[in-house]
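Quick notes on the structure that follows.
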């Protein structure tokens, strides 16, 4: 039933092919970025499995093309807000994995001195206003950042990533209304990975998803979120729309999380089938899709992909080593940073 | 010059303003001083809010800085938080304190925690300006005094002035503070008049004001309850009882020492606050006094808050729910062994 609902038409053709002004080297760079996210998340899963990580984490594996395709269309000064499933956004916006792992392990060297952890990681210097453990809350902060950018005439754009589960939150509609009224430079990126935690989105979402931003007069685009080229070219267009003063835009990325809602969600048969999971990871994997296109275009070969994989895994291993050895914050830090 | 008494002692030139005028003046001065300050909320521009507190502000600063919003408290509070995290100083107008319930995520989970969760990277210099206070015949959803809610949350500061002098100086400090501040005005005090210096001044947070000096009993009172306590003090004087009235002005940061020192001196204390008595501001303040002045006290510290009921509409019932000069007078008399 619900778990078999599949809203995504399989896109075998790549409409962006040939139309794209993107330099081939950039696609390869995006492949590298996506692989780094996957390698990062696999290390996170390992740390959890070996009981080396406090708490839980929500893995982004399977959705890498969304964060990379969108963030590659942003400048360092642009803002993002992220979600509880936020490691991919953080890396894609330019954070370093060693300090990210340190944060996930609660170490002082972490981006938030160990006080935020996986669900609240933020990187102010990189324009990441933070992951957020309140579903939908990042849409409000990003809309506020866009308000600020417009008021300061800074030329910055704010992108807010959120899952389709956030569409149940009233805040999302309140801020879209104001963003549209005031033509704020914000792009709402809905990562539809089909599941609000353990519930298929068709059981929680009435009407047409696209109709919701459309009701506020916000232009909507829907893309195959597994195809980084489609995500990126569309994101570039929408971000340019926002930056040029035309107001907000809404991007629906149809995607899938290969793992559970969090690392501890192992037995998933009650809400989705193994066959469904396998279909996505074998037929719609963002890395495989881009690799196959790059190969077809003679822009890369197996040797290059292997090298990227080797480098990314080595980078993440070194980052984990750094974090595991990094000291915890001093006890005196517990009362620091409550007030400015 | 952190109190009106000091300003008077220094011979500062003054004029009389209402509290609403003092609030408006503070906003205008800060908006002139700092272009990142803006006001956002429902009917704040041409309407100047239903209480007319902001009347005329839009004429000077325009609709780009005095911004009317849709009726979306969570939405514009969230926009305020995001703007504050990225270089602005929003003053978010929450028309009735009862509507704070709608903004709790933005205030409690976002604004209050952004600095701590980021290890000190983000600051959220935002002011939530809102109201409190019953006896306006507005019933249960427009009459609550919910200042204890933000007072409970680390990361927030809470201000509750009751005079034009305090309202102006504390609002200017709130706007300049790099933390989220929740600023409560009692609706019954908008027309309260008082002296305000001509020259610019600010009032530091965490400094109580002794609104009336006395020797026999300490009345710690917040916001409009200060006037209730002063009324009780007048009646007590007729009995020869000298009451000291202390206004903490901010519940966080809180000036504990002034309350404790007063209770040590008088040996008796009552805490009066318009929030619900149950788990309320009175409980926190009374426990601080009991702890800090224990060996000096001749009587238990008493608490007087709003009755633990939703505020009723009928005047005959509503007036029963909040402390009055008479009920405070009776309690003080009893504590002093004169009942």
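Residue numbers (the working numbering), protein chains in the order written: chain U, 687 to 1026; chain B, 24 to 362.
Just so it is clear, CB atoms sit at the ideal spot from N, CA and C, and this is done for glycine as well.
If you follow the beta strand (DSSP E) that residue i is part of, which residue opens it and which one closes it?
i                     : result
residue 801 (chain U) : Element bounds for residue 801 (chain U): n/a, residue is neither H nor E.
residue 949 (chain U) : Unbroken run through residue 949 (chain U): none, as it is neither H nor E.
residue 359 (chain B) : Note, residue 359 (chain B): premise wrong, no beta strand (DSSP E); not H, not E.
residue 940 (chain U) : 935-940
residue 91 (chain B)  : 89-91
residue 64 (chain B)  : 60-64
residue 325 (chain B) : 325-329
residue 113 (chain B) : 112-117
residue 239 (chain B) : Where residue 239 (chain B) is concerned, there is no enclosing beta strand (DSSP E), given that its DSSP letter is neither H nor E.
residue 849 (chain U) : 844-849
So the alpha helix (DSSP H) residue i belongs to, where does it begin and stop?
i                     : result
residue 298 (chain B) : Premise fails: residue 298 (chain B) lies in the beta strand (DSSP E), 292-299, not in any alpha helix (DSSP H).
residue 40 (chain B)  : No alpha helix (DSSP H) contains residue 40 (chain B), which is instead part of the beta strand (DSSP E) from 37-41.
residue 187 (chain B) : 187-199
residue 311 (chain B) : 304-315
residue 159 (chain B) : From DSSP, residue 159 (chain B) is part of no alpha helix (DSSP H); its letter is neither H nor E.
residue 784 (chain U) : 783-790
residue 863 (chain U) : 856-867
residue 960 (chain U) : 960-969
residue 173 (chain B) : 171-174
residue 981 (chain U) : 972-982
Indicate the three-state DSSP secondary structure (helix, strand or coil) for residue i in the structure shown.
i                     : result
residue 272 (chain B) : coil
residue 382 (chain B) : Since the first residue shown for chain B is 24 and the last is 362, residue 382 (chain B) is missing from the structure and cannot be characterised.
residue 107 (chain B) : helix
residue 914 (chain U) : helix
residue 204 (chain B) : strand
residue 836 (chain U) : helix
residue 209 (chain B) : strand
residue 731 (chain U) : helix
residue 151 (chain B) : strand
residue 348 (chain B) : helix
residue 244 (chain B) : strand
residue 165 (chain B) : coil
residue 256 (chain B) : helix
residue 136 (chain B) : coil
residue 744 (chain U) : coil
residue 700 (chain U) : Only weak support is given to the placement of residue 700 (chain U): the predicted model assigns it a pLDDT of 37, under 50, and the question is left unresolved by the model.
residue 987 (chain U) : coil
residue 795 (chain U) : coil
residue 908 (chain U) : strand
residue 124 (chain B) : helix
residue 890 (chain U) : coil
residue 874 (chain U) : strand
residue 332 (chain B) : coil
Am I right that residue i and residue j are in contact with their C-beta atoms under 8 Å? What's the rounded C-beta distance?
i                      : j                     : result
residue 105 (chain B)  : residue 826 (chain U) : 6 Å
residue 939 (chain U)  : residue 883 (chain U) : That belief does not hold up - the Cβ atoms of residue 939 (chain U) and residue 883 (chain U) are roughly 19 Å apart, past 8 Å.
residue 761 (chain U)  : residue 848 (chain U) : About 21 Å; that fails the 8 Å criterion.
residue 246 (chain B)  : residue 221 (chain B) : No, residue 246 (chain B) and residue 221 (chain B) are not in contact; Cβ-Cβ is about 26 Å, not under 8 Å.
residue 262 (chain B)  : residue 356 (chain B) : 7 Å
residue 803 (chain U)  : residue 794 (chain U) : Rounded, the Cβ-Cβ distance is 13 Å, inconsistent with contact.
residue 986 (chain U)  : residue 714 (chain U) : 6 Å
residue 1027 (chain U) : residue 744 (chain U) : Residue coverage of chain U in this structure runs from 687 to 1026, which leaves residue 1027 (chain U) outside it and unanswerable.
residue 765 (chain U)  : residue 815 (chain U) : 6 Å
Excluding five sequence neighbours on each side, which residues of the same chain lie with their C-beta closer than 6 Å to the C-beta of residue i?
i                     : result
residue 111 (chain B) : 59
residue 692 (chain U) : With a pLDDT of only 35 at residue 692 (chain U), under the threshold of 50, the placement of this residue in the model should not be trusted, and no figure is reported.
residue 787 (chain U) : 1005, 1006, 1009
residue 40 (chain B)  : 187, 219
residue 330 (chain B) : 344
residue 7 (chain B)   : A question about residue 7 (chain B) goes unanswered here, because the residues of chain B that appear run from 24 up to 362.
residue 68 (chain B)  : 81, 86, 89, 91
residue 696 (chain U) : Reliability of the predicted coordinates at residue 696 (chain U) is poor, the pLDDT of 36 falling under 50, and the value obtained from them is presented with this limitation in mind. So the list is empty, once near-sequence residues are dropped.
Can you give me the Cβ contacts of residue i inside the same chain, cut-off strictly under 7 Å, excluding the 5 residues immediately before and after it?
i                     : result
residue 702 (chain U) : Because residue 702 (chain U) sits at a pLDDT of 40, beneath the cut-off of 50, its placement in the model cannot be relied upon, and the point is left open.
residue 306 (chain B) : 326
residue 164 (chain B) : 121
residue 103 (chain B) : 63, 113, 115, 149
residue 96 (chain B)  : 117, 122, 125, 126
Only counting the same chain, and skipping five residues up and downstream in sequence, which positions put a Cβ closer than 8 Å to that of residue i?
i                     : result
residue 891 (chain U) : 850, 853, 854
residue 283 (chain B) : 311, 312, 315, 316
residue 139 (chain B) : 177, 178
Got a sec: does the ligand FAD put a non-hydrogen atom nearer than 8 Å to the Cβ of residue i?
i                     : result
residue 722 (chain U) : For the ligand FAD, the structure offers nothing, since it holds no ligand at all.
Please confirm if the region 323-343 of chain B is in contact with the region 285-302 of chain B, defined as three or more CB-CB distances below 8 Å between the two stretches. Touching, yes.
Answer yes if the region 197-205 of chain B comes into contact with the region 234-254 of chain B, meaning at least three C-beta pairs across the two stretches below 8 Å, and no otherwise. Under the Cβ criterion (8 Å, minimum of three pairs), the region 234-254 of chain B does not count as touching the region 197-205 of chain B.
Check whether the region 798-816 of chain U touches the region 899-912 of chain U, taking contact to mean three or more Cβ pairs, one atom from each stretch, closer than 8 Å. Here the region 798-816 of chain U makes no contact with the region 899-912 of chain U; the two share fewer than three CB pairs at distances below 8 Å.
Indicate whether the contact test is met: 3 or more Cβ pairs, each with one atom in the region 227-243 of chain B and one in the region 131-144 of chain B, closer than 8 Å. The region 227-243 of chain B vs the region 131-144 of chain B: no contact.
Does the pairing of the region 890-904 of chain U with the region 925-937 of chain U give three or more beta-carbon distances under 8 Å? Three or more beta-carbon pairs drawn from the region 890-904 of chain U and the region 925-937 of chain U are found closer than 8 Å, and the two stretches are therefore classed as touching.
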